[in-house]
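In my numbering, the protein residues as written are 235 to 558.
Glycine included, every Cβ here is placed at the ideal spot set by N, Cα and C.
A quick note: this is a predicted structure, and the numbers were derived from the prediction, not measured.
Just below is one structure, and these are the notes that go with it.
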Ligand SMILES: NC(=O)c1ccc[n+]([C@@H]2O[C@H](COP(=O)([O-])OP(=O)(O)OC[C@H]3O[C@@H](n4cnc5c(N)ncnc54)[C@H](O)[C@@H]3O)[C@@H](O)[C@H]2O)c1
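Here you go:
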């Protein structure tokens, strides 16, 4: 871009780029390899909090090997659905790595949805049994969709059990995701039915500072993998104490969240995703292990994906050029 212009990409523009999930998983794999090798810059995210259980976070990161630098300004508001508004929304700015000048501003809703699903699948690559074939999805929102899509890129999924507190949301999910991914998806009435028989479990309900977790000890079967996209809101302390391995995506951010009141009953993770990808820590060792990923969501994920969205948007002539 000329240094006096930015490319603005609306939510529709970003969606229309159509970056596929497989590519996003590969981009995250590269970015976490860089993280594991200590070659990225990513300060912990500061935030402001205008409503209970809501956040607006500033998420900067620089990945030299991917020439990616920028920041995401993202909000999460659990009560938004009552107004027909998305839980997650925000903007992302990309900066030129040599001059620092911003060259793109884009809606970050789509990237957040897809990179989070991709991060679950990447963790599952190291922590789940490769022959995993049943999936439990608890919360059929945006994350319930992208997490299933990402898992279906890496695993031969035969059956999915889907649960949401809102029956119409669950029904729509069963119908639409079944068609989109060509999978056998069964809606279930109780959370336990989505957990007990599943090899891969994703929980993606609201993140609460004072949760009343539903999933108890022994619900997750030996050999299964869980991705807690909603932190410790769904899994009880007793269930997490039973895990043989818990990973996160960043130790420092995990400790930060712990210091402000989350994860009070969660054992400290033994590895982060960068350490797993770079081979510094082992993944699953035995078929019988119960494993869990608690990915908090990193600026790194967004900066791995956003430059690719920008490049493809430019190639396809998408977006609006604006003067700086
Ligand atoms: N860790 C990360 O990197 C990351 C990234 C993005 C979003 N998130 C989190 O993921 C969660 C979901 O985000 P989203 O964009 O999918 O929101 P969404 O509003 O699209 O979906 C949330 C769904 O949860 C359902 N729900 C509420 N309580 C439930 C319960 N107890 N059991 C089952 N379903 C329940 C709602 O009916 C809704 O369908 C949020 O907590 C968000 O903060 C985490």
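So, using beta-carbon positions, are residue i and residue j closer together than 8 Å?
i	j	result
residue 372	residue 420	no
residue 327	residue 538	no
residue 438	residue 464	yes
residue 524	residue 476	yes
residue 488	residue 503	yes
residue 374	residue 321	no
residue 251	residue 550	yes
residue 507	residue 356	yes
residue 390	residue 410	no
residue 522	residue 505	no
residue 547	residue 345	no
residue 385	residue 434	yes
residue 558	residue 239	yes
residue 495	residue 350	no
residue 305	residue 237	no
residue 264	residue 300	yes
residue 362	residue 266	no
residue 241	residue 517	no
residue 512	residue 323	no
residue 234	residue 376	Any answer about residue 234 is impossible in this case: the structure gives the chain only from 235 up to 558.
residue 491	residue 497	yes
For residue i, which option in the options has the closest C-alpha, if you only look at C-alpha atoms?
i	options	result
residue 292	497, 342 and 255	342
residue 269	317, 485 and 347	485
residue 353	517, 534, 547 and 543	534
residue 400	285, 316 and 531	316
residue 428	449, 416 and 445	449
residue 519	318, 346 and 364	364
residue 392	381, 416, 379 and 424	416
residue 253	543, 319, 490 and 362	543
residue 455	440, 377 and 474	474
residue 284	301, 313 and 274	313
residue 258	279, 329 and 380	380
residue 426	479, 398 and 294	398
residue 276	493, 302 and 441	302
residue 509	255, 256 and 273	273
residue 529	414, 441 and 514	441
residue 340	307, 457 and 318	307
residue 514	360, 286 and 330	360
residue 443	256, 279 and 286	286
Kindly give me the distance between the Cβ atoms of residue i and residue j, rounded to whole angstroms, as I take these residues to be in contact under 8 Å.
i	j	result
residue 461	residue 396	Not confirmed; about 15 Å, so no contact.
residue 470	residue 447	4 Å
residue 388	residue 358	7 Å
residue 310	residue 288	6 Å
Can you say whether residue i is buried or exposed, counting buried as having 16 or more other CB atoms within 10 angstroms of its CB?
i	result
residue 246	exposed
residue 452	exposed
residue 383	buried
residue 483	buried
residue 556	exposed
residue 467	buried
residue 536	buried
residue 423	exposed
residue 261	buried
residue 479	buried
residue 282	exposed
residue 414	exposed
Can you check whether the C-beta of residue i is within less than 8 Å of a C-beta belonging to chain E?
i	result
residue 395	In summary, chain E is missing from the structure at hand, where a single protein chain is found.
Problem set entry | Entirely enclosed beta strand (DSSP E) segments - the region 386-423, minimum 3 residues | Correct list: 393-397 and 419-421.
For this session: Would you mind listing the beta strand (DSSP E) stretches within the region 435-497 that are 3+ residues and don't spill past its ends, in chain order?
Result: Runs of the beta strand (DSSP E) inside the region 435-497: 459-462 and 479-482.
Problem set entry | 3-residue-minimum beta strand (DSSP E) runs that sit fully inside the region 497-556, ordered along the chain | Segments of the beta strand (DSSP E) lying fully in the region 497-556: 525-528.
Problem set entry | In chain order, each alpha helix (DSSP H) run of at least 4 residues that lies wholly inside the region 313-380 | For the region 313-380, whole alpha helix (DSSP H) runs of length 4 or above, ordered along the chain, are 343-361.
For this session: Please list the segments of the beta strand (DSSP E) lying wholly inside the region 240-319, counting only runs of 3 or more residues, in order along the chain.
Result: 289-297 and 302-310, all fully within the region 240-319.
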